[in-house]
Amino acid sequence: MRVLIVGSGTFGISTALSLKQRGHDVTVFERLPIPSEDSSSNDITKVIRPDYGDDAQYMGGQMYQGLVIEAIKRFRQIDQETVKRYGKKSFIECGVVFATLKEDMNPYEMSSYKALLKTEEYKSSMELLNHEKTTKLLGKDFADHYPNGYINRSAGYADSGLVITHYAQLAKEAGINFVIGKEAGLFSNYISKDGKVVGIRTGDGKSHYGDAVLIAAGSWTPSLVPELKGLCEPTGQPVIHFKIPDDQKGKYIPSNFPVWFADMAQTGFYGFPLTPASELKFAHHGAGYLSTFHTRTAPSMKTASSAVITSKSVPREAVVMYRTFLAKFFPTLNKLDISRTRLCWYCDAWDGNFYIDAVPGRSGLFVATGGSGHAFKFTPVIGDIVADVIEGKPNRYHQTLFKWRTPAQEERAKVDNLKTEYEKNAKVLESMIMADGEDLKAKTFLTGKLQKKPVQLPAGKL
Numbered sequence: 001m002r003v004l005i006v007g008s009g010t011f012g013i014s015t016a017l018s019l020k021q022r023g024h025d026v027t028v029f030e031r032l033p034i035p036s037e038d039s040s041s042n043d044i045t046k047v048i049r050p051d052y053g054d055d056a057q058y059m060g061g062q063m064y065q066g067l068v069i070e071a072i073k074r075f076r077q078i079d080q081e082t083v084k085r086y087g088k089k090s091f092i093e094c095g096v097v098f099a100t101l102k103e104d105m106n107p108y109e110m111s112s113y114k115a116l117l118k119t120e121e122y123k124s125s126m127e128l129l130n131h132e133k134t135t136k137l138l139g140k141d142f143a144d145h146y147p148n149g150y151i152n153r154s155a156g157y158a159d160s161g162l163v164i165t166h167y168a169q170l171a172k173e174a175g176i177n178f179v180i181g182k183e184a185g186l187f188s189n190y191i192s193k194d195g196k197v198v199g200i201r202t203g204d205g206k207s208h209y210g211d212a213v214l215i216a217a218g219s220w221t222p223s224l225v226p227e228l229k230g231l232c233e234p235t236g237q238p239v240i241h242f243k244i245p246d247d248q249k250g251k252y253i254p255s256n257f258p259v260w261f262a263d264m265a266q267t268g269f270y271g272f273p274l275t276p277a278s279e280l281k282f283a284h285h286g287a288g289y290l291s292t293f294h295t296r297t298a299p300s301m302k303t304a305s306s307a308v309i310t311s312k313s314v315p316r317e318a319v320v321m322y323r324t325f326l327a328k329f330f331p332t333l334n335k336l337d338i339s340r341t342r343l344c345w346y347c348d349a350w351d352g353n354f355y356i357d358a359v360p361g362r363s364g365l366f367v368a369t370g371g372s373g374h375a376f377k378f379t380p381v382i383g384d385i386v387a388d389v390i391e392g393k394p395n396r397y398h399q400t401l402f403k404w405r406t407p408a409q410e411e412r413a414k415v416d417n418l419k420t421e422y423e424k425n426a427k428v429l430e431s432m433i434m435a436d437g438e439d440l441k442a443k444t445f446l447t448g449k450l451q452k453k454p455v456q457l458p459a460g461k462l
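Mapped onto this note's numbering, the consecutive letters of the sequence shown carry residue numbers 1 to 462.
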């Protein structure tokens with residue numbers, strides 16, 4: 001079978017390898033060099049953890065847990081491969097802290113802790129925390145706010161950009177075809193015959209034919225597959241980084257400083273230890289920002305608003321949000337200037353579960369999308385699931401979690417009611433004022449100037 005894959009991120013590149021290993025002819029289309037600069041998987045740190053609670057706290061939690069446990073085994077192998085080939089580690093098992101205010105923890109954290117205690121792989125890696133232990137791991141200021149919770153010492157983070165680079169190299173060596181370029185690798189439209197999708201046209205006008213077409217284009221996927229409207233949507237999540245001075249680096253190296261989540265149900269904040277580039281990354285999982293650019297254009301089109309989308313800046317209000325958090329939890333770091341920022345573009349599914357299926361009414365067309373901010377950790381195992389779907393083989397993950405689904409109004413409302421306030425009411429990015437260099441300086445916040453600046457454009461300026 002000849003398969004055309006649009007996109008080379010987590011879903012696309014892993015599926016390409018899985019299909020090639022099964023004997024299929026695979027071609028990957030990508031408009032930018034791999035890893036694509038606007039792909040969410042092109043990053044320096046992504047959390048790798050099997051902590052997903054039970055099915056009552058997270059739909060399919062136990063299935064996700066099992067998948068990640070298998071993925072982590074493969075991440076350890078990938079780490080050995082990247083060290084040997086590139087001289088760089090790609091998986092750092094520094095531990096992951098799930099911090100909470102109360103000793104009995106929140107339902108999600110408690111169910112995750114109990115579920116992993118039952119596994120052979122993780123029962124010896126789970127450790128409850130108290131103020132003293134959390135202080136040692138993350139500092140007194142953090143512990144004063146969230147002293148309890150637990151640490152999973154067999155979890156950590158991956159250099160996702162390096163992993164995708166490695167997978168792309170393996171794919172090339174396996175004989176997978178790549179068509180890369182702003183025109184040659186750009187999806188333009190579908191080629192259909194007798195009611196079936198039989199190929200795609202690219203930006204250079206060429207036609208490419210296949211037995212199956214997979215759209216795995218990350219945040220662009222809903223604009224390429226209109227049937228996903230209302231089911232998946234692109235959201236931009238702001239991220240900030242600090243360059244750590246030499247005299248402070250020892251405190252934040254992975255052996256001393258784990259990945260952490262600050263009572264996620266209440267705050268949405270999480271962060272990472274020091275990277276080889278001497279950076280600390282802080283992130284926030286929330287409603288994010290919507291952009292009309294994704295929904296009204298194809299990935300190639302350049303408009304005034306595209307500068308906002310491709311910019312490495314973030315909204316000014318996001319900088320205020322981070323600075324306010326840091327002032328309480330990491331006041332020493334808050335005295336540093338922010339070294340760089342980024343908008344990480346997710347493709348959020350309405351219920352947080354992936355969409356891996358044939359597109360209804362479009363024979364020959366498949367999607368692998370809806371990463372919802374947690375797909376990368378499945379990179380080593382997700383390709384086989386997508387390959388099963390394309391081959392028409394039964395797969396329990398597809399049948400229970402990832403199948404195409406259009407929720408009833410009551411079902412949608414039930415999911416929405418479970419969301420915290422910071423996960424609701426995403427703002428339109430084009431209406432926000434983006435942070436400039438002065439906004440990223442510590443003194444701008446510490447003197448109160450940043451908090452007084454406007455964060456949203458007047459209505460007439462939109």
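Using N, Cα and C, we set each Cβ at its ideal position, and we do this for glycine too.
Identify every residue that forms a DSSP beta bridge with C232.
-> A349
Provide the residue span of the beta strand (DSSP E) that contains M126, from first to last.
-> 126 to 129
Return helix, strand or coil for R362, following the three-state DSSP convention.
-> coil
Quick one: measure Cβ to Cβ for T369 and F11, integer angstroms, because I've assumed they're closer than 8 Å.
-> 7 Å
Cut-off 7 Å between Cβ atoms - residues of its own chain near I48, not counting five sequence neighbours on either side = I72, F75, F91, A155, G156, Y157, A158, K377
Would you tell me roughly how many angstroms separate the C-alpha atoms of W220 and R405, rounded to the nearest one?
-> 19 Å
Is it true that the region 208 to 216 meets the region 340 to 348, where meeting means three or more beta-carbon pairs spaced less than 8 Å apart?
-> no
Rounded C-alpha distance that separates A16 from S112 | 32 Å
Cβ-Cβ separation, V26 to L19 (assumed contact under 8 Å), whole Å = 5 Å
With 16 other Cβ atoms within 10 Å as the buried cut-off, status of A262 = buried
Leaving out five residues before and five after Y122 in sequence, what residues of the same chain have Cβ atoms less than 8 Å from its Cβ?
-> P50, I69, L116, N152, S154
Are the region 393 to 413 and the region 352 to 359 touching by the rule of at least three beta carbon pairs closer than 8 Å?
-> yes
DSSP three-state assignment for K335, whether helix, strand or coil = helix
Can you tell which of G361, G371, R362 has the C-alpha that lies nearest to the C-alpha of G352?
-> G371
Spatial neighbours of D521 within its chain, please: CB distance less than 6 Å, with the 5 preceding and 5 following residues excluded, ordered by chain position.
-> Only positions 1 to 462 of the chain appear in this structure, which leaves residue 521 out of reach.
Work out the CA separation of K281 and L446 for me, nearest whole Å.
-> 20 Å
So the alpha helix (DSSP H) V319 belongs to, where does it begin and stop?
-> 316 to 329
Option in L224, V6, H145, Y190 with minimal Cα separation from T267 = H145
Straight-line CA distance for L43 to R2?
-> In the sequence on display, residue 43 carries Asp and not Leu. Distance between the alpha carbons of D43 and R2 is about 31 Å.
DSSP puts H285 in a beta bridge; with which residues?
-> Answer is none; H285 lacks a bridge partner.
Report yes if the C-beta of K393 is less than 7 Å from at least one heavy atom of the ligand NAD; otherwise report no.
-> Ligands displayed in this structure: none; no statement on the ligand NAD is therefore possible.
Write down the C-beta distance between D416 and C232 rounded to the nearest angstrom, noting that I regard them as a contact closer than 8 Å.
-> Contact flag wrong, Cβ pair sits at about 15 Å.
Tell me whether K468 is buried or exposed, calling it buried when 16 or more other Cβ atoms sit within 10 Å of its Cβ.
-> Given a span of 1 to 462 for the chain in the structure shown, any question on residue 468 remains unanswerable.
Which one or two residues does DSSP pair with H241 in a beta bridge?
-> K281, R340
So, are the CB atoms of F330 and F142 less than 8 Å apart?
-> yes
For N395, three-class secondary structure by DSSP | coil
Give, in chain order, every unbroken run of the alpha helix (DSSP H) that is at least 4 residues long and sits entirely within the region 44 to 117.
-> 61 to 86, 107 to 117
Measure from the alpha carbon of T165 to the alpha carbon of each residue in E37, A408, L129, then state which is nearest.
-> E37
Taking the alpha carbon of Q409 as the point to measure from, which residue in W350, L429, I34 has its own alpha carbon closest?
-> W350
Identify whether S40 lies in helix, strand or coil by the three-state DSSP scheme.
-> coil
Which residue or residues does DSSP assign as beta-bridge partners of M432?
-> Q456
Identify, in the order they occur along the chain, each residue of the same chain with its Cβ nearer than 6 Å to the Cβ of L228, setting aside the five sequence neighbours on each side.
-> P222
Nearest CA to the CA of I13: which residue from N425, Q451, T379?
-> T379
Should R316 and K453 be called a contact, given that it needs their Cβ atoms to be closer than 8 Å?
-> yes
Quick one: what's got a C-beta closer than 7 Å to L326's C-beta in the same chain, skipping five residues either side?
-> L333, N334
Apply the 10 Å Cβ neighbour rule to P238 and answer buried if 16 or more other Cβ atoms are within range, or exposed otherwise.
-> buried
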